[in-house]
Amino acid sequence: MAETRQHVLVINCGSSSLKFSLFAGTARSALLSGLAENLGQTDSRLILKDHGGKTIVALDGGGHGAALRRLMAELQDRHLLDAIGAVGHRIVHGGERFLDATRLDMDLLTEVEALSYLAPLHNPANVLGVRVAMEVLGWVPHVAVFDTSFHTTIPRAAHSYAIPRAYRDAGVRRYGFHGTSHGFVAREAVELLGLDAEDHGLVIAHLGNGSSATAVLNGKSVDTSMGLTPLEGLVMGTRSGDIDPGALFHLSRRNGLSIDDLDSLLNRESGLLGLSGLSNDCRTLESAAAEGHDGANLAMDVMVHRLARYIGGLATSLRRLDAVVFTGGIGENSPLVRERTIDRLGVLGIVCDQAANAAMFGGRTGLVSVQNAGPAALVIATNEEWAIANEARRHMTGSQPTPPA
85 MAETRQHVLV INCGSSSLKF SLFAGTARSA LLSGLAENLG QTDSRLILKD
135 HGGKTIVALD GGGHGAALRR LMAELQDRHL LDAIGAVGHR IVHGGERFLD
185 ATRLDMDLLT EVEALSYLAP LHNPANVLGV RVAMEVLGWV PHVAVFDTSF
235 HTTIPRAAHS YAIPRAYRDA GVRRYGFHGT SHGFVAREAV ELLGLDAEDH
285 GLVIAHLGNG SSATAVLNGK SVDTSMGLTP LEGLVMGTRS GDIDPGALFH
335 LSRRNGLSID DLDSLLNRES GLLGLSGLSN DCRTLESAAA EGHDGANLAM
385 DVMVHRLARY IGGLATSLRR LDAVVFTGGI GENSPLVRER TIDRLGVLGI
435 VCDQAANAAM FGGRTGLVSV QNAGPAALVI ATNEEWAIAN EARRHMTGSQ
485 PTPPA
């Protein structure tokens, strides 16, 4: 038996990319992190980042398997492979079957794969990452951490769709996503604001290419914007968010669009991209809007309007509102989106501190509202990878078998 290994490798496998982070013990900063991108294409590559800088390794058209095997070789060369005691995997959808982080075996992985119909853009890639990782790092626990787990506390009134019971019993309901981020940020907000862990109310806005907002009552999710899939709710990079289902019937009948056509339209061609006709990147749109681009202005206006409306609605699921928290790539780095959103939340008594807000970006955490003016508004940098590592660490045993030569 080898000595106890305390490092945790976190893998987040997408359809054409793979993100990873390696954490030493309980440290919050990754010892090594990076991205394998353009997988399966001629320009596929592995990017590794550590405190010494960045290393880029060509994968020559390799896919997920080639990327993970090359990552393992890099870890071996850096004398880090034998220190790994567990691997944590982000899995988007756990359905009603997986309510907590779960140590996987092949039978359970098959059950996770069977849920792919609930998240066809995410779960298949997530499962592929687990299968390959088990092949190349099979001597340690592999732990699935589900985006949906944090939202299992949502009451029936909030998660039930107004459809016949037979469909609801078949699992058609609101599940919610970004749960790892929402849970991490909620705990950080309680500590930062000195709130009572057993008596507080928060609305958290996780804003990025995928966006969601969640009402957190006493540390538990009680309502959220995403639904059966990550498509419902806020305006996102290429996802439409809420839309009248009748509009889809209209588009199908008038334009001959199939179910698959509508799926692609709402998931890949809509959101900020569809509104602006320019880009799904908020930074690009902010610059274009400042120069008078009408589509960019419309995209920003609709995104902020929808976000403020959701925050106000989610607040009604709380006994009181202590704070609105912004996180995610846009939430952490766009003072403009935060300021415009907070201005629309004046009815809740929140007042933006413009100087503090302008200075809050690049991983900084702190208040962006005027103190003692009502509920607080603040920015908290999320750390989903560390939260996943923490869940995986709970499944580590005192020692692990020696890896094969």
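The numbering used here puts the first residue of the sequence shown at 85, with every later residue one more than the last. Backbone N, C-alpha and C define an ideal beta-carbon position, used for all residues, glycine too. In this text the structure is predicted, and so the values were computed from the model without any measurement.
Based on Cα-Cα distance, which residue from the options lies nearest to residue i?
i	options	result
Ser233	Glu272, Ser265, Tyr394, Ala399	Ser265
Gly267	Val287, Leu429, Val452	Val287
Gly285	Ala407, Ile395, Asn467	Ala407
Thr415	Cys366, Asp427, Ser99	It is worth fixing the name first, because residue 415 is Gly in this sequence and not Thr. With distances taken between Cα atoms, Gly415 lies closest to Cys366.
Gly397	Gly109, Asp307, Asp347	Asp307
Leu357	Ala157, Asn122, Thr322	Thr322
Trp223	Val171, Arg393, Phe333	Val171
Leu429	Asn467, Arg390, Met444	Arg390
Lys133	His243, Leu116, Met480	Leu116
Leu420	Ala242, Val269, Leu199, Leu291	Leu291
Leu277	Val220, Glu468, Ile95, Asn456	Asn456
Ile131	Ala114, Met190, Ala151, Gly124	Ala151
Arg89	Asp161, Asn122, His148, Asp166	Asp166
Arg129	Leu155, Arg112, Gly136	Leu155
Ile238	Met218, Ala299, Gly340	Ala299
Ala476	Ala228, Cys97, Arg257	Ala228
Leu490	Arg403, Asp191, His173	Any answer about residue 490 is impossible in this case: the structure gives the chain only from 85 up to 489.
Thr411	Gly447, Arg240, Leu205	Gly447
Asn122	Cys97, Lys138, Ala108	Cys97
Leu164	Gly145, Ala108, His243, Ile95	Ala108
Leu205	Ala442, Trp470, Ser348	Ser348
Ala114	Gly136, Asn417, Ser336, Thr126	Gly136
Glu219	Ile247, Tyr251, Arg153, Arg258	Arg153
Leu159	Gly178, Asn381, Thr139	Thr139
Arg316	Gly355, Ala399, Ile426, Arg404	At residue 316 the sequence reads Glu, which differs from the Arg that was named. The shortest Cα separation from Glu316 among Gly355, Ala399, Ile426, Arg404 belongs to Gly355.
Asn467	Leu312, Asp385, Ser200, Val269	Val269
Asn351	Gly458, Asn364, Met444	Asn364
Ser324	Val386, His334, His377	Val386
Gly147	Ala157, Arg162, Gly124, Ala399	Gly124
If you follow the beta strand (DSSP E) that residue i is part of, which residue opens it and which one closes it?
i	result
Glu121	116-121
Cys97	91-97
Arg112	Per DSSP, Arg112 belongs to no beta strand (DSSP E) and is neither H nor E.
Asp134	129-134
Thr106	For the sequence presented, residue 106 should be read as Leu rather than Thr. Counting along the chain, the beta strand (DSSP E) containing Leu106 begins and ends at 102-108.
Leu221	Taken as a continuous stretch (DSSP letters only), Leu221 belongs to no beta strand (DSSP E), as it is neither H nor E.
How about residue i and residue j: are their beta carbons less than 8 Å apart?
i	j	result
Phe261	Ser296	yes
Leu318	Ser309	yes
Asp538	Asn302	This structure cannot settle anything about residue 538, because the visible part of the chain is limited to 85 through 489.
Leu106	His91	yes
Ile472	Val409	no
Phe230	Ile168	no
Leu462	Ala281	no
Val214	Asn207	no
Thr236	Leu188	no
Val494	Val431	Lying before the first or after the last residue shown, residue 494 is absent from the chain, which here runs from 85 to 489.
Leu346	Leu369	no
Asn441	Arg422	yes
Ser99	Ala242	no
Asn381	Ala392	no
Leu202	Arg258	no
Ala120	Leu93	no
Gly450	Gly433	no
Can you tell me where the alpha helix (DSSP H) holding residue i begins and where it ends?
i	result
Leu335	329-339
Ser360	355-360
Ser348	343-352
Leu391	378-399
Val421	419-428
Leu369	366-374
Asn456	First-last for Asn456: undefined, no H or E at that position.
His206	Careful: His206 lies outside any alpha helix (DSSP H) and carries neither H nor E.
Ala246	Ala246 -> no alpha helix (DSSP H), and no H or E assigned at all.
Ala471	468-477
Ala254	Premise fails: Ala254 is in no alpha helix (DSSP H) and is neither H nor E.
Ala442	438-442
Quick one: what's residue i bridged to in DSSP?
i	result
Leu451	Leu462
His266	None, per the DSSP bridge assignment.
Asp280	Asp283
Phe410	Ala289, Val463
Ser305	Val300
Val229	Arg174
Thr139	Leu132
Any heavy atom of the ligand ADP closer than 7 Å to the Cβ of residue i?
i	result
Asp253	Within the structure as shown, the ligand ADP is missing, as the structure has no ligands at all.
(request) Give, in chain order, every unbroken run of the beta strand (DSSP E) that is at least 3 residues long and sits entirely within the region 141-195. (result) If only complete runs of 3 or more residues are kept, the region 141-195 shows the beta strand (DSSP E) at 168-175, in order along the chain.
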